[in-house]
Amino acid sequence: MDPRNGIILGGRPVARRFGAVNYRGLATMYAREMLRGFKIWGITLAAPTVRALLFASVFGLAIDRPDAMMGGVPFIDFLLPGLVAVAALERSFQSSAFSIVYDKNEGIFPDLAMLPLTPGEIVLAYAAASVSASLIVGAVVWAALLLVGGAVPVAPLTLIFFVALGSLMIALFSQITGLWARKWDYLESVQTFIFMPFVFLSGVFFSIDELSAAAQPFARANPVFYIVDGIRFAITGRADANPWVGAGVCIAVIVILWVIVYRLFAAGYRMKS
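Using the numbering used here, read the sequence shown as starting at 1 and increasing by one per residue.
Okay, here's the thing in structure tokens:
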């Protein structure tokens with residue numbers, strides 16, 4: 001029989017051959033992560049949508065001047081792209097990290113080392129599922145925000161690009177977090193004290209031009225700022241920084257994170273603990 005099917009050949013079992021990339025295994029793991037993420041659609045889709053609508057409603061009531069401006073555009077137009085960014089990036093973080101920590105607590109994460117997948121394929125499967133989930137959540141949240149005055153993107157392809165770019169960056173960071181975290185408490189501490197501050201201080205609710213000259217370098221050192229700014233640029237046409245320079249910064253961060261998480265999986269870091 002054909003050895004590519006991993007069945008007995010000449011009376012002897014042979015190892016199955018997958019070629020340079022195990023596409024079937026990659027697709028299977030990707031599908032597993034996607035199904036796991038959307039199994040509880042109320043948490044995955046409804047929760048970020050309701051939260052974004054609440055934020056938009058509260059800020060709309062707090063800003064009693066309909067002509068209030070922020071960053072050169074009406075405040076509501078400035079705010080809503082940030083809410084889309086928060087929903088998409090948070091979904092990306094939760095997708096990989098929560099999946100890894102859950103498998104650790106169930107005692108099945110060590111089985112990952114026995115899969116016929118290379119470390120790069122494992123990283124790619126987790127990352128692809130995170131990016132796909134983020135794009136879906138971002139689209140649903142944006143559609144819901146149209147009900148409260150959300151704008152149609154001026155550059156739809158640019159919007160998809162920046163959401164995918166930011167989601168990939170956060171997905172890789174979340175894999176590192178998931179590998180490091182032994183318990184849910186560890187994961188929650190990273191989300192609360194590192195991830196959320198980076199997101200909320202990235203210009204979601206304010207223009208960094210409003211910051212003091214001393215604070216601006218710190219804001220611009222935050223890679224999440226360039227994602228939020230790029231998403232805002234794609235929707236409103238207005239940005240605080242050059243969006244393509246920001247994209248370059250994020251790509252550099254992605255390369256660094258990819259190397260780190262690849263090496264962690266290759267070394268089996270905390271895969272048995």
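Ideal Cβ placement from N, Cα and C applies to all residues, glycine included.
Going by C-alpha distance, which of L61, V73, M70 and R91 is nearest I43?
Cα-wise, what sits closest to I43 is R91.
On the three-state DSSP scale, how would you describe V73?
V73 falls in the strand class under three-state DSSP.
Does the stretch 191–208 come close enough to the stretch 119–135 that 3 or more CB-CB pairs lie under 8 Å?
Taking 8 Å as the limit for Cβ pairs, the verdict is that the stretch 191–208 does not touch the stretch 119–135.
Could you tell me the distance, in whole angstroms, from the CA atom of V261 to the CA atom of A213?
Using only the alpha carbons, I get a separation of about 35 Å.
Give the straight-line distance between the Cα atoms of F78 and I160, rounded to the nearest whole angstrom.
F78 and I160: Cα-Cα distance of roughly 18 Å.
Name the residue from L146, V141 and F162 whose alpha carbon lies nearest to the alpha carbon of A239.
Among L146, V141 and F162, the Cα nearest to that of A239 is on F162.
Following the continuous alpha helix (DSSP H) through Y23, name the residue where it begins and the one where it ends.
Y23 to F38 is the extent of the alpha helix (DSSP H) around Y23.
By Cβ distance below 7 Å, which residues in the same chain neighbour I170 in space, the five residues on each side in sequence not counted?
Excluding positions up to five away in sequence, the list reads L89, S92 and F93.
Which term fits R32, buried or exposed, when burial requires 16 or more other beta carbons within 10 angstroms of its beta carbon?
The residue in question, R32, is exposed, as its Cβ has fewer than 16 Cβ neighbours within 10 Å.
Cutting at 6 Å between CB atoms, please list the residues of its own chain near N242, excluding the five before and the five after it.
Closer than 6 Å at Cβ, skipping near neighbours: no residue.
Please give the ranges of any alpha helix (DSSP H) in the stretch 204–233, keeping only runs that are unbroken, at least 4 residues long and fully inside the region.
Complete alpha helix (DSSP H) runs here, min 4: 216–220.
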